[in-house]
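Following: one structure in C-alpha cells, then a few remarks.
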Amino acid sequence: MSEPRVVNGVVIDDTFAEAFPMKATRLIITAHNLTWARHAVASATGFATSVIACGCEAGIERELGPDETPDGRPGLAILIFSMSGKELAKQVERRVGQCVLTCPTTAVFAGINEGEAIALGKNLRFFGDGWQISKLINGVRYWRIPVMDGEFVAQETTAVTKAVGGGNLLMLATDTDAALNAGEAAVQAMKQLPNVVMPFPGGVVRSGSKVGSKYASLSASTNDAFCPGLYGLASKSEITPEVRCVLEIVIDGLTEADVGAAMRVGMQACIAIGAAGGLRRLSAGNYGGKLGPYHFHLHKLLGDGGTP
Amino acid sequence: MTRVRLTLKQAASLRVDLRGVTPAALAGLALAQIERLPVTHGKQTLPLAEFFAVACDDAPEPGGELVFEGDLSRFDRIGWQLAGGRIVVAGPAGDYVGACMSGGDVQVQGSAGLLAACEMAGGTLAIAGDVGDHAASSLPGSMDGMRGGTLIVRGRAGDRFADRMRRGTALVFGDAGDFLASRLVAGTIVIGGRAGAHVGYGMRRGSVVFAGAAPHVAPTFVPALVDAAVAWQLLARDIARHGGPFAGLPARRIVRHLGDLSADGRGELIVAV
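Heads up: the protein sequence lines correspond to chains L and C, in order. Here the first sequence is numbered in the numbering used here, starting from 6 and rising by one per residue. Here the second sequence is numbered in the numbering used here, starting from 14 and rising by one per residue.
Structure representation (C-alpha cells):
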C-alpha cells in the first residue's frame with residue numbers, strides 16, 4: 006500500500022469505496038408548477054435513505070424545464086434504486102400511488118425507456134374504478150385516471166436498468182462546522198452531475214455503518230472505527246486526535262462511471278476547502294473488496310493533480 | 014432486398030384483386046416468376062404480366078419495395094395483410110388498400126376507394142388524396158375496425174370513417190363525411206377540416222380531435238368540466254408532427270364533450286378553439 010497523498014493540506018487515504026449492483030429507474034414527475042412537483046417528489050423520495058430498512062434509495066436527480074418534459078409542464082427527475090427489480094417495482098408502485106397520484110395536478114412518466122418494464126400506472130389505473138381511460142400515443146400507453154382536480158395521467162410502465170449503489174466518501178474534519186461545510190460543498194458539486202443521487206438527508210449521513218453487530222438480530226451497526234467519541238476506546242480506530250467529526254456521502258448512480266465522476270467532483274470540492282477550512286482527511290468505506298464488485302480508489306479518481 | 018416496379022399497361026375492364034402481391038411475396042422471385050403470379054380479374058385468374066410491365070432493381074428499403082405506376086382505381090386489396098416492406102402507388106388505388114396490414118408502409122399518391130385501412134393493425138398507410146366510405150373501419154360483418162398503426166389521409170374522407178375502430182391513429186387533413194367515428198371503441202381520430210352529421214354516433218371510448226371547424230355535437234354528449242391538459246399535450250404534440258392543420262395544436266385551447274351516453278360514454282370529442 007502506498008503512502009497517503011496530501012492535497013491542499015487534506016490527507017487522501019489510499020483506500021477505496023466498495024459499491025454494489027442495484028436496479029434503478031428514473032421517473033419524471035410534472036405538475037401545474039414547480040412547487041407542486043417538488044411536493045410530490047419530496048414525498049415520493051422520502052424515507053428512502055437506505056435499502057437496509059426503506060426498501061429503496063431515492064433522490065431528486067434534477068429539475069426539468071417545461072421544454073424537457075413530455076407534457077410541457079415543469080417537473081423533476083427522480084432516481085429510485087433497489088436491490089432487485091421485484092422490490093423496485095413494489096416501491097415504485099407504492100410511492101407513486103401514495104405520493105404522486107395523491108398530490109394535486111401531478112403526472113408521472115418514465116425517465117428511462119430501455120430495459121425490463123415494471124408497472125407505473127398499469128395497476129394504479131384501477132383506482133379509477135372503471136372510469137380510467139387508456140391512451141396509446143406514438144407507441145406509448147398512458148392511463149388517465151379521474152381524480153377530484155381533473156385527471157391523473159401516468160405512463161403505463163417504466164424501465165428498469167442495472168445500476169451501482171453504495172459509492173461513498175468519508176470526510177474527517179476538526180469540528181462539526183468544518184465537516185458540514187465539506188459535506189454541503191461536495192453534495193452541491195455532485196448534484197450538478199446527471200444519473201446520480203445522494204439518498205441521505207441533505208445528501209449526507211452521520212451514521213456510517215459497518216457490516217454486522219454484536220447483536221445477532223442486527224445486520225449492520227455503527228462504524229466504530231470512524232466514531233470520534235470512541236477514540237481510545239474502540240480496539241480499531243481510524244480517528245486521529247485532531248478529528249472530532251466525520252460525515253459520509255453515499256452515492257447511487259446508473260453506471261460505475263457516474264458514481265466515479267460524482268466521487269471525483271465531491272473530492273475536489275472538499276479539497277478546495279482544504280485543511281484551512283478544517284477538513285483533515287478524505288477516506289472511503291469498504292469491506293476489504295470481498296462484497297461489492299465495484300471499487301472506487303480515491304487516488305485513481307483524483308488522478309495526478311488532485312486539485313480542483 | 015428487391016424493388017419491383019409494376020407499370021400498368023392497360024386499364025382493367027373488371028376489378029382486379031391484388032391480394033398476395035406484396036414485397037415479401039415477391040422477394041427472391043425471378044422476373045419471369047413475378048410475371049406469372051396469378052391475380053383475379055372478375056371471375057378469371059390471369060398472370061400479373063397481363064396488366065403490368067414488370068421491372069426489378071435493388072431496393073433501398075430493407076423489407077423490399079413494390080412500386081405501382083398508373084391508374085389503379087380498379088385494383089383492389091393493394092397491401093392486403095402487409096406485414097413489412099414498402100408499397101408505393103404512384104396514382105389512385107382501388108378498394109381495401111392497406112386493409113388488414115400489420116406492418117410496413119403503404120403510400121398512395123392519389124386517392125383511394127372504399128374500405129381503406131379497414132382492420133389495419135399496424136404500420137403506416139398514407140394517402141395523398143381522398144378516401145371513400147368506411148375507411149379505417151371493419152370488414153363487412155366484422156365487429157372491430159382498425160386496431161393499430163397510423164392512417165394519414167391528406168384529402169377528404171367519406172362516410173363512416175373509423176366505424177368500430179378500436180386502436181391506432183387516423184388523421185384526415187380535410188373534411189370527413191357523415192357518421193364520423195360511429196361506434197368507435199377506442200383509438201385516436203383527428204380531423205383537419207369539417208365533419209358531417211352524426212359525429213361519434215354510438216362511440217364508446219376513444220378521442221376525436223377537431224382541428225378545423227367545430228362539429229355539431231349530439232345531445233347524447235355532455236360538456237366536460239375539466240380540460241385534461243396533460244393528456245391533451247401528450248396527444249397534441251404527437252399529432253402536431255404531421256404538420257398541416259395540426260401543426261399548431263399544442264398551443265390551442267380545447268373544449269371537450271364526453272359520450273356517447275347511449276353507448277359506454279367514455280369517449281371524447283375534442284374541439285381545438
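Glycine included, C-beta positions come from ideal geometry on N, C-alpha and C.
| query | result |
| --- | --- |
| Using Cβ-Cβ distances below 7 Å, what residues of the stretch 153–186 of chain L are close to chain C? | Gly-155, Glu-156, Val-158 |
| Would you mind reading off the limits of the alpha helix (DSSP H) that contains L:Leu-185? | 181–196 |
| Nearest-angstrom Cα distance between C:Arg-49 and C:Arg-18? | 15 Å |
| Along chain L, which residues have their Cβ under 8 Å away from the Cβ of C:Leu-248? | Lys-140, Ile-142 |
| May I have the straight-line CA-CA distance separating L:Asn-200 from L:Lys-305, to the nearest angstrom? | 21 Å |
| Would the stretch 245–257 of chain L count as touching the stretch 143–162 of chain L if we require 3 or more Cβ pairs under 8 Å? | no |
| Among C:Arg-160, C:Pro-232, C:Ala-68, C:Val-121, which has the Cα closest to the Cα of C:Gly-219? | C:Arg-160 |
| Note the first and the last residue of the continuous alpha helix (DSSP H) segment covering C:Pro-36. | 36–39 |
| Spell out the partners DSSP gives L:Gly-172 in its beta bridges. | L:Ile-256 |
| Quick one: give me the first and last residue of the beta strand (DSSP E) that L:Glu-23 is part of. | 21–35 |
| Can you have a look at L:Thr-312 and say buried or exposed, based on whether 16 or more other CB atoms are within 10 angstroms of its CB? | Caution is warranted here: a pLDDT of 45 is assigned to L:Thr-312, below 50, making its placement in the model unreliable, and the coordinate value is therefore given only provisionally. L:Thr-312 is exposed by the Cβ-count criterion. |
| What does DSSP give as the partner residue(s) for C:Phe-81 in the beta ladder? | C:Leu-19, C:Val-102 |
| Where do the N-terminal and C-terminal ends of the alpha helix (DSSP H) with C:Ile-252 fall, by residue? | 242–253 |
| So does the stretch 61–71 of chain L actually touch the stretch 200–218 of chain L, counting three or more Cβ pairs closer than 8 Å? | yes |
| Give, in chain order, every residue of the stretch 70–90 of chain L whose Cβ lies closer than 8 Å to some Cβ of chain C. | Pro-75, Asp-76, Gly-77, Arg-78 |
| Below 8 Å on C-beta distance, what does L:Ala-112 contact in chain C? | Val-243 |
| Count the other CB atoms within 10 Å of the CB of L:Val-4; is the residue buried (16 or more) or exposed (fewer)? | Given that chain L is displayed from residue 6 to residue 313, the structure contains no residue 4 of chain L and the question cannot be resolved. |
| Return the chain-ordered ranges of every beta strand (DSSP E) run that is complete within the stretch 97–175 of chain C and spans a minimum of 3 residues. | 99–103, 118–121, 137–140, 160–166 |
| When the Cα atoms are used, what is the spatial distance from L:Ile-244 to L:Val-169? | 29 Å |
| In three-state terms, what does DSSP make of L:Cys-104? | helix |
| Are there 16 or more other CB atoms within 10 angstroms of the CB of L:Lys-140, so buried, or fewer, so exposed? | buried |
| Does the contact criterion of 3 or more C-beta pairs under 8 Å hold for the stretch 67–81 of chain C versus the stretch 89–98 of chain C? | yes |
| Mark C:Leu-238 as exposed unless 16 or more other C-beta atoms lie within 10 angstroms of its C-beta, in which case mark it buried. | exposed |
| Shorter than 8 Å from the beta carbon of L:Tyr-236 to some beta carbon of chain C? | no |
| First and last residue of the beta strand (DSSP E) that includes C:Arg-269? | 267–272 |
| How many whole angstroms separate the CB atoms of L:Cys-108 and L:Ala-53, which I take to be in contact at a CB cut-off of 8 Å? | So it is not a contact: roughly 16 Å between Cβ atoms. |
| Which chain L residues are close to C:Arg-218, counting only those with a beta carbon under 7 Å from its beta carbon? | Ile-138 |
| Does C:Phe-88 come out as helix, strand or coil in the three-state DSSP assignment? | strand |
| Checking the sheet assignment: what are the DSSP bridge partners for L:Gly-80? | L:Thr-35, L:Leu-69 |
| Please list the partners that L:Arg-149 has in chain C, where partner means a Cβ-to-Cβ separation under 9 Å. | Ala-241, Val-243, Ala-244 |
| Can you look up C:Ile-47 in the DSSP assignment and give me helix, strand or coil? | helix |
| Counting pairs of beta carbons, one from the stretch 30–37 of chain L and one from the stretch 66–86 of chain L, are three or more of them closer than 8 Å? | yes |
| Does DSSP classify L:Trp-148 as helix, strand or coil? | strand |
| Report the three-state DSSP secondary structure of C:His-211 (helix, strand or coil). | coil |
| Going by the DSSP bridge assignment, what does L:Ser-139 pair with across the sheet? | L:Trp-148 |
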